[in-house]
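**Student:**
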Amino acid sequence: MKLLEVHGLKVHFPIQPGPFSRPRAWVKAVDGVSFDLASGETLGLVGESGCGKTTLGRAIARLVEPTAGDIFVDGENLCRMTESDLRPRRRKLQMVFQDPHGSLDPRMPLSEIIGEALDIHRLAHSADARRKRIEQLLLAVGLDLEHVDRYPHEFSGGQRQRVGIARALAVEPKLIVCDEPVSALDVSVQAQIINLLQELQEQSGIGYLFISHDLAVVEHISRRVMVMYLGKVVEIGEAKAVVQAPRHPYTQALISAIPVVDPDSKRKRIVLSGDVPSPIQPPSGCPFHPRCAMAELRCKTEVPVLREVAPGHQVACHLAS
Amino acid sequence: MPLLEIKNLKLDFGFNNDALRAVDDLSLTIGAGETVCLVGESGCGKSVTALSIARLVPTPPAHYAGGEILVNGRDVLKMSKRELEKIRGGVVGCIFQEPGASLNPVFRVGAQIKEALKLHRPQAATDAEVRRLLRLVGIAAPEMRARDYPHQLSGGMQQRVMIAMALATEPKLLLADEPTTALDVTIQAQIIELLRDLKQRLGMSMLLITHNLGIVGDIADRVAVMYAGQIVETAPVRDLLRRPLHPYTRALMNSVPKLAGDASRLTTIPGSVPSLGAMPTGCRFHPRCAQRQSDCSQTAPGLVEVEPNRWVRCPYWNLNREPELS
């Protein structure tokens, strides 16, 4: 049994002229996504802004309501559950957010930020146990014990992100959805946080859904990588396979667009024209066809489905072989 | 005479005993047609350095404690308000990180480009010239887009409009402060291609600020690496990227995950960038440096030319060097 299984997940947001009027259109932020994730595994999720990667992460943590589809965590379907049944199971699923400043309450000292999670799930039976657990968590993420009574504004960005990770770890989750956890950090600090996440995984076997727009970071930390475009998964496979031999034209363009440090690199760059289309009126057929250099007639009419092109490597493209 | 020459620039915030030095004794030259990249982490002073060239740092709270910024041989720091107005957007064009915040939301983009023309090239302030500029930066259907408001354009298109506006006055030097940081990689690739094409066609010089070493390899002729208000290394781009000499440059390059790299752990730089109020004594990088020596905390090293055109602020740059990067 996989730790996380997602089947046909859809998140559609209505566009309404007023609060009681009928929706004029729907934003299909996530449109039929299926994947699974084993415990101790890191699945990277990449895509440009507006592709639905954050919405997917939030839907899995049940922070937004899915429109359709099923999410199984340890074999239990979270989408067919009442809020009161869901609450104890939220322990299994935690989130780390992009902006380490916006996601911490500025009026709480660290002991409260981290201790709140322990209180809600009744994980500390005495004040002494609570304090011990908080200290243990601070040490686990590389913060000093004397930091326990300080407030978020007293910390640097990297330290705040460590607090966010400690808060997520407090309830011993099985899966952490990391939504761009290093994007707001300087590169020297980014490497510290990535290493920390990897060490924690080795110690406790947490699964990560690691959302980022930086393919190099995702490739480094993930075993498998999933690429999204306009609410759909276009490619999923082993990280090395996806990055070194991408099959989908979009993944190929995305990888070639990353600037490389080596000044002698003779890599050919595919520069995509135009922007990501609006998810309100996605193009017919393959959502990528208006920007695709290889598009054929059938790409405009037939929607490609994910199919296996190599063991464990799936691509949604008519032309990929 | 180089187009831009910054000599021993010192910029403080605050006064007297409370003064915090954001830029310390910085010297940099840019020749005609040359592209220089200024690289560093947040808070190292790269943005205020660039803004100083057009004297866009508000004084107070800032305060120039010394140095000169010569544009075409004339010191920007001594110019009158009228002269500055000619320099800003005239000889020196600027584009910034967030195009959405730099455009006026209540005017059509065509009108905003025309405003720049009216100020600096009044005889060319026509709709035809606006259309030509929009076409120059690769905007399709310029007659329609010129009538759009900024919010109707995507981030990439807004940045193109900003570039068109900066080019309107035919600047000799383009200051680009993290022009692609807020954009997606595919759009970033478009904008970098555009800038590279434009500087070749128009023969502009460019000072590009970035923290992305990949972009540096794509566009720069020369690189200056900043740390805590000082330049720690400057070199021609290929030399620097193939064989970084300063420990900070080396650590910076190693801490970025590389595509198709095979390291299981990233090399990190311990600690974080020091704040202006708590600068370490001696070499400012020594508390985080992997190869610090006993005297690094006492003597502040100077910027020394260790090889032709290669300046390094570290007396131990030659110590246990790693083999050359292939």
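Sequence lines, in order, name chains A and B. Counting from 1, one number per residue, gives the positions in the first sequence under our numbering. Counting from 1001, one number per residue, gives the positions in the second sequence under our numbering. Cβ coordinates follow ideal geometry from the N, Cα and C atoms, glycine included.
1. For the segment 132-150 of chain A, which residues have a beta carbon sitting closer than 9 Å to at least one beta carbon of chain B?
2. In the DSSP assignment, what are the bridge partners of residue 1021/B?
3. Quick check on DSSP: helix, strand or coil for residue 290/A?
4. Between residue 1143/B and the rest of its own chain, which residues show a CB-CB distance below 7 Å, the 5 nearest in sequence each way excluded?
5. Starting from residue 12/A, follow the beta strand (DSSP E) in both directions and report where the run begins and ends.
6. When the distance is taken between beta carbons, is residue 1087/B closer than 9 Å to residue 1071/B?
7. Using the beta-carbon of each residue, which ones in chain B are nearer than 8 Å to residue 212/A?
8. Using the rule of at least 16 other Cβ atoms within 10 Å of the residue's Cβ for burial, across every protein chain shown, is residue 1278/B buried or exposed?
9. Contact check, residue 1035/B vs residue 1239/B under 8 Å by CB: the rounded distance?
10. Quick check: residue 168/A and residue 96/A, are their CB atoms within less than 9 Å of each other?
11. CB residue 222/A to CB residue 239/A, shorter than 9 Å?
12. For residue 1224/B, which residues does DSSP report across the bridge?
13. Is there at least one Cβ from chain B nearer than 9 Å to residue 313/A's Cβ?
14. Counting only beta-carbon atoms, is residue 156/A nearer than 9 Å to chain B?
15. Where does residue 232/A sit, in a helix, a strand or coil, going by DSSP?
16. To the nearest angstrom, how far is the alpha carbon of residue 1326/B from that of residue 1216/B?
17. Just the Cα atoms here: how many angstroms apart are residue 228/A and residue 276/A?
18. So, are the CB atoms of residue 319/A and residue 1186/B less than 9 Å apart?
19. Which residues in chain A have a C-beta closer than 7 Å to the C-beta of residue 1218/B? List them in chain order.
20. Along chain B, in chain order, which residues have C-beta atoms closer than 7 Å to that of residue 269/A?
21. Return the chain-ordered list of same chain residues with a C-beta closer than 6 Å to the C-beta of residue 1012/B, the five sequence neighbours on each side being excluded.
22. Should residue 222/A be flagged as near chain B, meaning a C-beta pair shorter than 9 Å?
23. Let me know the secondary structure DSSP gives residue 1326/B once reduced to three states.
24. Counting only beta-carbon separations shorter than 9 Å, does residue 165/A have a partner in chain E?
25. Have a look at the DSSP bridge pairing and note the partners of residue 26/A.
26. Helix, strand or coil for residue 69/A? Go by DSSP, reduced to three states.
27. At a CB distance below 8 Å, what residues from the segment 176-194 of chain A approach chain B? Give them in sequence order.
28. Tell me the residue span of the beta strand (DSSP E) that contains residue 1310/B.
29. What does a CB cutoff of less than 7 Å around residue 1210/B pick up in its chain, not counting 5 residues either side in sequence?
30. Taking only runs that begin and end inside the segment 178-246 of chain A, name each unbroken alpha helix (DSSP H) of 4 or more residues, in chain order.
31. Taking the alpha-carbon positions, what's the residue 273/A to residue 1190/B distance?
32. If you check the beta carbons only, do residue 209/A and residue 177/A fall under 9 Å apart?
**Tutor:** With the structure as the only source:
1. If the cut-off is 9 Å between Cβ atoms, the segment 132-150 of chain A has nothing near chain B.
2. Counted from its first residue, the second sequence places residue 1021/B at position 21. Under DSSP, residue 1021/B shares a beta bridge with 1012/B.
3. By 1-based counting over the first sequence, the position of residue 290/A is 290. If DSSP states are grouped into helix, strand and coil, residue 290/A belongs with the helices.
4. As a working mapping, residue 1143/B is identified with position 143 in the second sequence. By the criterion of a C-beta distance shorter than 7 Å, residue 1143/B is surrounded in its chain by 1131, once the five residues flanking it on both sides are discounted.
5. Position 12 of the first sequence holds residue 12/A. Its beta strand (DSSP E) spans residues 4-15.
6. Taking the first residue of the second sequence as position 1, residue 1071/B is located at position 71. Taking the first residue of the second sequence as position 1, residue 1087/B is located at position 87. Yes. Within cutoff.
7. Position 212 of the first sequence, counting from 1, holds the residue named residue 212/A. By Cβ distance, chain B contributes nothing, its closest Cβ being about 11 Å from residue 212/A, past 8 Å.
8. The residue you call residue 1278/B lines up with position 278 of the second sequence. It counts as exposed.
9. Taking the first residue of the second sequence as 1, we reach residue 1035/B at position 35. Taking the first residue of the second sequence as 1, we reach residue 1239/B at position 239. About 15 Å separates the two Cβ atoms, so there is no contact after all.
10. The residue labelled residue 168/A in the question sits at position 168 within the first sequence. The residue labelled residue 96/A in the question sits at position 96 within the first sequence. Yes, Cβ-Cβ distance for residue 168/A and residue 96/A is below 9 Å.
11. Position 222 of the first sequence holds residue 222/A. Position 239 of the first sequence holds residue 239/A. A contact, by the Cβ cut-off of 9 Å.
12. Translated into positions along the second sequence, residue 1224/B becomes position 224. In DSSP, residue 1224/B forms a bridge with 1038/B, 1234/B.
13. Translated into the one-based positions of the first sequence, residue 313/A becomes position 313. No, because no Cβ of chain B sits closer than 9 Å to the Cβ of residue 313/A.
14. Within the first sequence, the letter at position 156 stands for residue 156/A. Cβ-Cβ to chain B under 9 Å: yes for residue 156/A.
15. Position 232 of the first sequence, counting from 1, holds the residue named residue 232/A. It is a strand residue.
16. One-based indexing of the second sequence puts residue 1326/B at position 326. One-based indexing of the second sequence puts residue 1216/B at position 216. In this prediction, residue 1326/B scores a pLDDT of 41, lower than 50, which makes its location untrustworthy; no coordinate-derived value is stated.
17. Taking the first residue of the first sequence as position 1, residue 228/A is located at position 228. Taking the first residue of the first sequence as position 1, residue 276/A is located at position 276. Cα to Cα, the separation comes out at about 12 Å.
18. The residue labelled residue 319/A in the question sits at position 319 within the first sequence. The residue labelled residue 1186/B in the question sits at position 186 within the second sequence. Not a contact, by the Cβ cut-off of 9 Å.
19. For the purposes of this step, residue 1218/B is taken as the residue at position 218 of the second sequence. By Cβ distance, chain A contributes 259.
20. Sequence index remark: in the first sequence, residue 269/A carries index 269 (1-based). Within chain B, the C-beta atoms nearer than 7 Å to that of residue 269/A come from 1189, in chain order.
21. What you label residue 1012/B is simply residue 12 of the second sequence in a count that begins at 1. For residue 1012/B, where only same-chain residues beyond five positions count, the Cβ hits under 6 Å are 1019, 1021, 1063, 1065.
22. Reading the first sequence from its first residue, position 222 is the one you call residue 222/A. Output row for residue 222/A: interface = no.
23. In the second sequence, residue 1326/B corresponds to position 326, counting from 1. Residue placement at residue 1326/B is poorly supported in this model, since its pLDDT is 41, which falls under 50; the coordinates still yield a value, given next. Coil, per DSSP.
24. This model lacks chain E altogether, as its protein chains are A and B.
25. If you number the first sequence from 1, residue 26/A lands on position 26. Answer by DSSP bridge pairing, in chain order: 14/A.
26. As a position in the first sequence, residue 69/A is number 69, starting the count at 1. Correct three-state label for residue 69/A: strand.
27. For the segment 176-194 of chain A, residues whose beta-carbon sits nearer than 8 Å to a beta-carbon of chain B comprise 186, 187, 188, 189, 190, 191, 192, 194.
28. The sequence position of residue 1310/B within the second sequence is 310, counting from 1. It spans 1310-1312 - the beta strand (DSSP E) in which residue 1310/B sits, taken as one unbroken run.
29. Taking the second sequence and counting its residues from 1, one reaches residue 1210/B at position 210. Excluding residues within five positions, the ones whose Cβ falls inside 7 Å are 1037, 1039, 1178, 1216.
30. 187-204, 215-221, 239-244
31. Along the first sequence, one-based indexing puts residue 273/A at 273. Along the second sequence, one-based indexing puts residue 1190/B at 190. Rounded to whole angstroms, residue 273/A to residue 1190/B spans 8 Å at the Cα level.
32. Translated into the one-based positions of the first sequence, residue 209/A becomes position 209. Translated into the one-based positions of the first sequence, residue 177/A becomes position 177. In this structure, residue 177/A lies closer than 9 Å to residue 209/A by Cβ.
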